[in-house]
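Peer 1: In full-length UniProt numbering, the protein residues as written are 1 to 271.
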């Protein structure tokens with residue numbers, strides 16, 4: 001009659017150099033490494049019997065424990081989205097089932113919370129960046145945050161705050177384009193605010209509250225300078241067509257029709 005196979009017993013547990021890690025020996029042979037929290041969870045002690053099924057369960061739990069430790073290191077000092085944590089664990093070639101179990105544990109302990117992340121991210125961006133809600137929303141999507149959490153998070157950036165920030169950003173843009181005609185300056189400020197992620201309604205409120213100071217002498221100087229260049233460029237055309245083309249070009253650049261006509265009349269008198 002065949003002798004019944006005995007279940008291996010824990011004969012020795014030794015500490016590793018790494019803090020919180022241990023080596024487990026079964027029947028005086030090294031069997032597997034283990035973390036302190038898994039050892040406590042399974043109450044592993046000298047003399048305990050561990051069959052193959054229990055050993056596989058312990059090893060799976062230890063894989064989660066190691067992945068969890070890596071996730072905690074990654075989360076240390078920073079909020080992260082689930083997608084970011086998942087990508088980090090995948091970079092460490094951690095198996096998918098272990099990643100899923102690790103994320104579940106992180107969720108249960110409120111260590112990853114995309115809704116909380118979205119709200120915090122929106123507050124930070126509103127306070128420290130020149131980005132509007134459209135760009136913020138796009139960034140959160142890239143980070144894997146779901147639409148409902150994004151929309152809830154964006155409530156942290158009120159329309160009033162958007163206008164207040166937008167005015168400050170708009171003033172900087174207007175200074176950059178100060179040598180443009182006022183109408184062109186407004187157009188470029190609008191385009192700049194749109195690129196930064198502000199919506200049309202908010203931009204309109206921003207422009208209404210901005211002060212675009214017009215310096216008549218500077219406006220006149222800019223028009224004369226542009227007029228000379230455009231008039232010279234159109235020199236190959238007959239006079240009437242030259243006038244029409246010059247006016248169309250200058251009007252497209254944002255100069256006032258009356259001021260353009262005045263220069264054209266002067267040019268006609270000269271010629």
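Even glycine gets a Cβ: it sits at the ideal position worked out from N, Cα and C.
Which same chain residues end up closer than 7 Å to residue 30 when comparing Cβ atoms and leaving out the 5 residues on each side of it in sequence?
Peer 2: Hits under 7 Å: 23.
Peer 1: In angstroms, rounded to a whole number, what distance separates the CA positions of residue 147 and residue 244?
Peer 2: Rounded to whole angstroms, residue 147 to residue 244 spans 52 Å at the Cα level.
Peer 1: Going by CA-CA distance only, name the one from 38, 9 and 36 that's closest to residue 27.
Peer 2: For residue 27, the nearest C-alpha among the options comes from 9.
Peer 1: Is it right to say residue 239 is buried, meaning 16 or more other beta carbons lie within 10 angstroms of its own, or is it exposed?
Peer 2: With fewer than 16 other Cβ atoms within 10 Å, it is exposed.
Peer 1: With distance defined between alpha-carbon atoms, name the residue in 58, 164 and 230 nearest to residue 255.
Peer 2: Considering only alpha carbons, the answer is 230.
Peer 1: If I follow the unbroken alpha helix (DSSP H) through residue 33, where does it start and stop?
Peer 2: Where residue 33 is concerned, there is no enclosing alpha helix (DSSP H), although the beta strand (DSSP E) it sits in stretches over 29–35.
Peer 1: So what does DSSP say about residue 109, is it helix, strand or coil?
Peer 2: Residue 109: coil per DSSP, three-state reduction.
Peer 1: For residue 63 and residue 98, which I take to be in contact (beta-carbon distance under 8 Å), what is that distance rounded to the nearest angstrom?
Peer 2: With 8 Å as the limit, residue 63 and residue 98 qualify as a contact, their Cβ atoms being about 5 Å apart.
Peer 1: Pull up the distance between the alpha-carbon of residue 20 and that of residue 83, whole angstroms please.
Peer 2: Going from the Cα of residue 20 to the Cα of residue 83 covers about 28 Å.
Peer 1: When DSSP labels each residue in this structure, what does residue 274 get in the three-state scheme?
Peer 2: The structure shown does not extend to residue 274, since the chain spans only 1 to 271, so no value can be given for it.
Peer 1: Would you kindly work out how many angstroms separate the C-alpha atoms of residue 247 and residue 182, rounded to a whole number?
Peer 2: Whole-angstrom Cα-Cα distance: 17 Å.
Peer 1: So which of 189, 55 and 25 has the shortest CA-CA distance to residue 47?
Peer 2: The shortest C-alpha separation from residue 47 is found at 25.
Peer 1: Do you know offhand how far residue 236's Cα is from residue 227's?
Peer 2: If you take the alpha carbons of residue 236 and residue 227, they lie about 16 Å apart.
Peer 1: Using only the alpha-carbon positions, how far apart do residue 2 and residue 101 sit?
Peer 2: Because the pLDDT at residue 2 is just 49, under 50, the model does not fix this residue reliably, and the point stays unresolved.
Peer 1: Relative to the ligand NAD, is the shortest distance from any of its heavy atoms to the C-beta of residue 241 smaller than 7 Å?
Peer 2: Absence of the ligand NAD is noted for the structure shown, with no ligands found whatsoever.
Peer 1: What number of angstroms, rounded off, separates the C-alpha of residue 264 from the C-alpha of residue 224?
Peer 2: Roughly 11 Å separates the two Cα atoms.
Peer 1: What first and last residue would you give for the beta strand (DSSP E) that runs through residue 26?
Peer 2: Counting along the chain, the beta strand (DSSP E) containing residue 26 begins and ends at 21–26.
Peer 1: I'd like to check one pair, residue 156 with residue 122: are the Cβ atoms closer than 8 Å?
Peer 2: Contact: yes.
Peer 1: Check residue 49 in the structure and name its three-state DSSP category.
Peer 2: Strand, per DSSP.
Peer 1: Would you mind stating whether residue 106 and residue 153 have Cβ atoms separated by less than 8 Å?
Peer 2: Against a cut-off of 8 Å, the Cβ pair of residue 153 and residue 106 comes out as no contact.
Peer 1: Report the rounded CA-to-CA distance for residue 221 versus residue 77, giving the unit in angstroms.
Peer 2: So the alpha carbons of these two residues sit roughly 55 Å apart.
Peer 1: Going by the beta-carbon positions, is the gap between residue 133 and residue 195 smaller than 8 Å?
Peer 2: Not in contact: residue 133 and residue 195 (Cβ atoms no closer than 8 Å).
Peer 1: Within 10 Å of its beta-carbon, does residue 137 have 16 or more other beta-carbons around it, so buried, or fewer, so exposed?
Peer 2: With 16 or more Cβ atoms within 10 Å of its Cβ, residue 137 is classed as buried.
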